[in-house]
Amino acid sequence: MITELYQVPSEVFLTFILVLSIFLGFELINKVPATLHTPLMSGANAISGITLVGAVSLVGSGDPDLSKWLAVGAVALASINVVGGYLVTDRMLAMFKKKEG
23 MITELYQVPS EVFLTFILVL SIFLGFELIN KVPATLHTPL MSGANAISGI TLVGAVSLVG
83 SGDPDLSKWL AVGAVALASI NVVGGYLVTD RMLAMFKKKE G
């Protein structure tokens, strides 16, 4: 692993990755025109399915008490986020459908 290769403490490495991802996300979102923010966020909400998969896999492993309760909370919140993302996307796509009559 890279932290073992360069003798960097894992906390420092993870903090660097967190700060870098925050900066990169902020810069990328600022470059997107305001009219495209809704489709961009709809896609980002759909990516929360990855969190859902991770939470479901956590239910079956680890400490029986703490992991299971954290996993149940993560499944609930990620499910709400995924469903909300799909509902927003559906409403947004409905705006582009042609009206009959």
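Using this note's numbering, the first residue of the sequence shown is number 23, and each one after it goes up by one.
Don't be surprised by glycine CBs; every beta carbon is placed ideally from N, CA and C.
Problem - Simplified DSSP state of Lys120, which is helix, strand or coil - result: Coil.
Exercise for the section: Buried or exposed for Gly107, please, with buried defined as at least 16 other CB atoms from any protein chain shown within 10 angstroms of its CB. Expected result: buried
Exercise for the section: In angstroms with no decimal places, state the Cα-to-Cα distance between Asn103 and Val94. Expected result: Rounded to the nearest angstrom, the two C-alpha atoms are 14 Å apart.
Handout entry: Every unbroken beta strand (DSSP E) inside the segment 76-106 [3 residues or more]
Key = none
Exercise for the section: Would you check if the distance between the CB atom of Ala77 and the CB atom of Ala96 is smaller than 8 Å? Expected result: Yes. Within cutoff.
Exercise for the section: May I ask which residues mark the beginning and end of the alpha helix (DSSP H) holding Ser70? Expected result: Note, Ser70: premise wrong, no alpha helix (DSSP H); not H, not E.
Practice task
List the whole-angstrom C-beta distance separating Val54 from Leu42, where the pair is believed to meet the contact cut-off of C-beta under 8 Å.
Solution key: Contact doesn't hold; Cβ gap of about 19 Å is too wide.
Exercise for the section: Enumerate in chain order the residues of its own chain whose CB-to-CB distance from Phe45 is below 8 Å, with the five nearest sequence positions on each side excluded. Expected result: Closer than 8 Å at Cβ, skipping near neighbours: no residue.
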